[in-house]
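Sequence order for the protein chains is A and B. Take any residue in the first sequence, note its place counting from 1, add 7, and you have its number in my numbering. Take any residue in the second sequence, note its place counting from 1, add 1, and you have its number in my numbering. A short worksheet on the structure shown next.
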Amino acid sequence: MTATQTPKGTRPPFWRNVHFIRGVLQILAVAIVVGGILFLGNNLRSELIAKNLPTGFDFLNQPTGVTIADSGFSPASPVWKALLAGIKNTFLLVIVGIPLLTVLGTLIGVARLSTNWLVVKIATVYVETIRNIPPLLIILFVFNAVILQLPPPRDPATPLDWFVISNLKIIGPGFTALSGAGIFAGVFVFAMVAAVIAGIWRTRYSERTGHPDHRALWGLGVFTGIMVLGYFILGRPIRMSLPVLDGRIITGGYGGLGAYFAMLLALVIYTASHVAEIVRGSILAVPKGQTEAANAIALSGFQRLRYVTLPQAFRIALPPIINQFLNFAKNTSLAIAIGYAEVTLITFQLIGNGYPAPQLILLLMLAYLLFSLTISILVNILNRRLQLVGN
Amino acid sequence: MSTVTSPGAPAPTAAHHRRMTPAKWLKQNLFSNWYNSLLTIVFGAFILWVGVSLVRYLLHIDTEIIRVNLKLYMAGRFPNEQLGRLWLAIYIAVAGAALLARATALNAQRKATEAGIGFSSRSNWVDVMRRFWPIGALVVFTLSFTETITPTVLTLGAAAIGLGAYRIGAALPTSIVRRSWLIPVVGAVAFYLALAGFGGVGWDLWQGFFLNIVLTVAGISLAFPLGLMLALGRRSSLPAVRLLSVTYIEFLRGVPMITLLLMGAFALGFLIPGDVQFSLFLRILIAITLFQSAYIAEVVRGGLQSVPKGQIEAGQSIGLSPWKTMRLIVLPQALRNVIPAMVGQFISLFKDTTLVYIVLLLDLLRAAFVSTYQPEFLAQGLDAVVLPFAALYFWVGSYVMSRESRRLEKKLGVGVR
Numbered sequence: 008m009t010a011t012q013t014p015k016g017t018r019p020p021f022w023r024n025v026h027f028i029r030g031v032l033q034i035l036a037v038a039i040v041v042g043g044i045l046f047l048g049n050n051l052r053s054e055l056i057a058k059n060l061p062t063g064f065d066f067l068n069q070p071t072g073v074t075i076a077d078s079g080f081s082p083a084s085p086v087w088k089a090l091l092a093g094i095k096n097t098f099l100l101v102i103v104g105i106p107l108l109t110v111l112g113t114l115i116g117v118a119r120l121s122t123n124w125l126v127v128k129i130a131t132v133y134v135e136t137i138r139n140i141p142p143l144l145i146i147l148f149v150f151n152a153v154i155l156q157l158p159p160p161r162d163p164a165t166p167l168d169w170f171v172i173s174n175l176k177i178i179g180p181g182f183t184a185l186s187g188a189g190i191f192a193g194v195f196v197f198a199m200v201a202a203v204i205a206g207i208w209r210t211r212y213s214e215r216t217g218h219p220d221h222r223a224l225w226g227l228g229v230f231t232g233i234m235v236l237g238y239f240i241l242g243r244p245i246r247m248s249l250p251v252l253d254g255r256i257i258t259g260g261y262g263g264l265g266a267y268f269a270m271l272l273a274l275v276i277y278t279a280s281h282v283a284e285i286v287r288g289s290i291l292a293v294p295k296g297q298t299e300a301a302n303a304i305a306l307s308g309f310q311r312l313r314y315v316t317l318p319q320a321f322r323i324a325l326p327p328i329i330n331q332f333l334n335f336a337k338n339t340s341l342a343i344a345i346g347y348a349e350v351t352l353i354t355f356q357l358i359g360n361g362y363p364a365p366q367l368i369l370l371l372m373l374a375y376l377l378f379s380l381t382i383s384i385l386v387n388i389l390n391r392r393l394q395l396v397g398n
Numbered sequence: 002m003s004t005v006t007s008p009g010a011p012a013p014t015a016a017h018h019r020r021m022t023p024a025k026w027l028k029q030n031l032f033s034n035w036y037n038s039l040l041t042i043v044f045g046a047f048i049l050w051v052g053v054s055l056v057r058y059l060l061h062i063d064t065e066i067i068r069v070n071l072k073l074y075m076a077g078r079f080p081n082e083q084l085g086r087l088w089l090a091i092y093i094a095v096a097g098a099a100l101l102a103r104a105t106a107l108n109a110q111r112k113a114t115e116a117g118i119g120f121s122s123r124s125n126w127v128d129v130m131r132r133f134w135p136i137g138a139l140v141v142f143t144l145s146f147t148e149t150i151t152p153t154v155l156t157l158g159a160a161a162i163g164l165g166a167y168r169i170g171a172a173l174p175t176s177i178v179r180r181s182w183l184i185p186v187v188g189a190v191a192f193y194l195a196l197a198g199f200g201g202v203g204w205d206l207w208q209g210f211f212l213n214i215v216l217t218v219a220g221i222s223l224a225f226p227l228g229l230m231l232a233l234g235r236r237s238s239l240p241a242v243r244l245l246s247v248t249y250i251e252f253l254r255g256v257p258m259i260t261l262l263l264m265g266a267f268a269l270g271f272l273i274p275g276d277v278q279f280s281l282f283l284r285i286l287i288a289i290t291l292f293q294s295a296y297i298a299e300v301v302r303g304g305l306q307s308v309p310k311g312q313i314e315a316g317q318s319i320g321l322s323p324w325k326t327m328r329l330i331v332l333p334q335a336l337r338n339v340i341p342a343m344v345g346q347f348i349s350l351f352k353d354t355t356l357v358y359i360v361l362l363l364d365l366l367r368a369a370f371v372s373t374y375q376p377e378f379l380a381q382g383l384d385a386v387v388l389p390f391a392a393l394y395f396w397v398g399s400y401v402m403s404r405e406s407r408r409l410e411k412k413l414g415v416g417v418r
């Protein structure tokens, strides 16, 4: 960016200097944004004071006055504890939902490429129907037209005596920990490590001798062996517990609120339709030459999928599928419509109890943002490792 | 897993299909081997079960609630004596859309003639019917619940006005065809005046399915300029501008839309000086616009990236300024390429407008839901009737638009070159 020479050898005026123009433009942009934020912040402050609301975040230590269904949460606990309880409930949805929707979405995506005409049609109708309906509508439908139509809590259904199902709660078999469960958790970690070591050993062995490695089989065998041995040596520290109905009180078992299952079911159904499209598109996006090459070296149909098509499809599918996981996590906020106490609903209730909305909503946004950004960064790292070198 | 068709497997050709007997077809597509036969039997039984339940459900359905509440679903609590204004607004929207479609076609024709390329302008009505019949079917379905003949007559009037405007559009002067953006701008002003002007109905009473449509169209239209600026900012060579744009975009893309709606409903009032009061509709529209602009910015950025670098260099080499290179060379190509993705964004907002349910605006979903709490319909399990009814409107809209988006994608050849 050297200044051009004018006929008399003088430099052009400084305001035509590119560096100057760039500097001024940037200072202007920052000034406008900072000015806007200061203006809004000032308004916020005076409005909060005018409405007699706190301007800081000290209210986080005051009692909530919020009750959370199906938990021992006391309304006298501070606000920040209520928010944490909400975040925990959000995670309960995300952690259970993501594996379920991945499995369902993959199955349906693969079904759309089946050789069976009927299977293709069913999968297509599923995807084209569900994808085009608002998720909130699906949630309301599942909650009001399915879950709430279950028997009332005073007379629940008990299929097989394994489940206790009412429109308030759904409880199934669970586990109870006896003494020694802590040691058993240690055994679990040890078994995992041993399985990984066995896998590494088999890989080395296979590379040295050329025999098939059977890594998965060996790993699973070692893990199961150690777990079974540990379980009986420690005197069966974890037992299965079935829900027992005594009048209206249910003891034992493991389950959750009807609203939780409605959220889970509706969102898994909705998000799986999007995942199915990604899976299908990714399998179709693997170049045809790859399949032909696999056929040329006489791989069987299964081997072709396992070693050629699916690994490449996975690389294409990963970024958009993670995006769907994030959408799922963000959509859990829709639980506010059916009263499942995740973090958005708790925030909503706190606002209703007179706590200042601007601060609470900012905290809520930051919580979601932190979660999204963490996942994004992890995916970017993973993606960089998965992409082809030189692409 | 092993039932997946490999892309390399020989596909049955069309000629093959024609010669096929039903028995052969069954054998090939349903019973080709033992696991396909098993799948066919299992899923056949499943389909049978679903079909029988569906028929039994449809036979026992009582559509009284829909007939009574149809106006609530479509227009909410819009005053009955002012409904004429709503129809006038619909007529203006239909006429505007028809004129815009004709002007766009004329514009393409003019440009093709100037460039010396052949252009066929014949409008293929069969094709239009094939693409948009679900919307027509939905309108007929809706009218089947009306109790008087008036809505049907008025709807026929809307269709006539649309066709008439399309015909008249052929006579549009070139000066307007060249500035076809004038049509939506003038149309929007006329639309607003028809509804709210001269002692009419303010936007706080724009409700029902009408609200969903208004929020979608207004949200995308208002968010587009903002999103375009953010996209350009994100690709700017000025680090401060880039940082501000990226922060805004990533912040909003990282949070759920509900948090924005909650902000609009409960916190936006704190940010504006005390004596100014925005209505709930306006605050929600602002929240939707802010939220959508971040997503549109990413869509537009994809379009900007799809323009080859050689185009920019060509612009520089003929001595265009950076601004003119952007406006005359990069943006026209980039924006053309993002049309399918913009339609996708439009669909996603259309579905997301149902979230205003949570901040108590009376959209179609909320109207459907509250109608089950009316005394005469209370606790009869009518959610199973009104929610699928509401879903139908969103399904038809999204389905037709997503088909259009795929068609445009093919037509524009995005990603092919």
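The beta carbon of each residue, even a glycine, is placed where N, CA and C say it ideally should be.
For the pair of segments examined, the region 336–355 of chain A was found not to touch the region 53–64 of chain A: the number of CB pairs separated by less than 8 Å stays below three. Here Gly265/B is actually not in contact with Asp364/B; their C-beta atoms are around 14 Å apart, not less than 8 Å.
Apart from the 5 residues on each side of it in sequence, Arg235/B sits with its Cβ closer than 8 Å to the Cβ of Arg243, Ser246, Val247, Ile250, Ala298, Arg302 in its chain, given in chain order. A straight-line Cα-Cα distance of about 11 Å links Pro142/A and Ser280/A. The Cβ atoms of Val286/A and Gly42/A lie no closer than 8 Å to each other. DSSP, read as helix, strand or coil, puts Gly206/A in helix. Residues are counted here when their Cβ sits less than 7 Å from a Cβ of chain B; for the region 17–38 of chain A these are Arg29, Leu32, Gln33, Ala36, Val37, given in chain order. Taking a beta-carbon distance threshold of 8 Å, Lys310/B does not count as an interface residue toward chain A. Around the C-beta of Ala232/B, 16 or more other C-beta atoms lie within 10 Å, and the residue is accordingly described as buried. Phe370/B reaches chain A at Leu147, counting residues in chain order whose Cβ is nearer than 7 Å. Note on geometry: alpha-carbon atoms of Gly398/B and Gln306/B lie some 30 Å from one another. For Val154/B, the uninterrupted alpha helix (DSSP H) segment begins and ends at 151–170. Residue burial is scored here from C-beta neighbours: Ser81/A has fewer than 16 other C-beta atoms within 10 angstroms and is therefore classed as exposed. Around the beta-carbon of Ile184/B, 16 or more other beta-carbon atoms lie within 10 Å, marking it buried. Burial check for Gly170/B: the Cβ neighbour count within 10 Å reaches 16 or more, so the residue is buried. The region 156–169 of chain B makes contact with the region 90–100 of chain B, as at least three CB pairs between them are under 8 Å.
In this structure, Met247/A lies near Pro180/A, with their beta-carbon atoms less than 8 Å apart. For Gly201/B, no Cβ of chain A is located within less than 8 Å of the residue's own Cβ. By the Cβ criterion, the region 29–44 of chain B is not in contact with the region 330–349 of chain B, since fewer than three pairs of Cβ atoms, one from each stretch, lie closer than 8 Å. Contact between the region 312–332 of chain B and the region 210–219 of chain B is not established, with fewer than three Cβ pairs separated by less than 8 Å. At least one CB of chain B lies nearer than 8 Å to the CB of Ala364/A. Asp128/B counts as exposed, since fewer than 16 other C-beta atoms from the protein chains shown sit within 10 angstroms of its C-beta.
Secondary-structure assignment with DSSP links Ala184/A through a beta bridge to Ile245/A.
The three-state secondary structure of Gly63/A, taken from DSSP, is coil. Annotation: Val293/A is outside any alpha helix (DSSP H) and is labelled neither H nor E by DSSP. Under the 8 Å criterion on CB atoms, Val40/A is classed as interfacial with respect to chain B. Cβ neighbours of Phe239/A within its own chain (closer than 7 Å, five residues either side excluded): none. Leu35/A and Ile28/A have their C-alpha atoms roughly 10 Å apart. Sequence-distant partners of Phe170/A (beyond 5 residues in either direction) whose C-beta falls short of 6 Å from its own C-beta, in its chain, are Gly179. Under the three-state reduction of DSSP output, Gly52/B falls in the helix class. Residue range 261–264 is occupied by the beta strand (DSSP E) that includes Gly263/A, with no alpha helix (DSSP H) assigned at that position. By the C-beta density criterion, Ala109/B is exposed, having fewer than 16 other C-beta atoms within 10 angstroms. Those residues of the region 242–256 of chain B placed with their C-beta closer than 7 Å to a C-beta in chain A are Val242, Leu245, Phe252, Gly255, Val256, ordered along the chain. At least 8 Å separates the beta-carbon of Gly226/A from that of Gly242/A.
The DSSP assignment places complete alpha helix (DSSP H) segments of no fewer than 4 residues inside the region 72–143 of chain A at 86–118, 124–137, in order along the chain.
Contact between Ile62/B and Ser372/B is ruled out by a C-beta separation of about 15 Å, above the 8 Å threshold.
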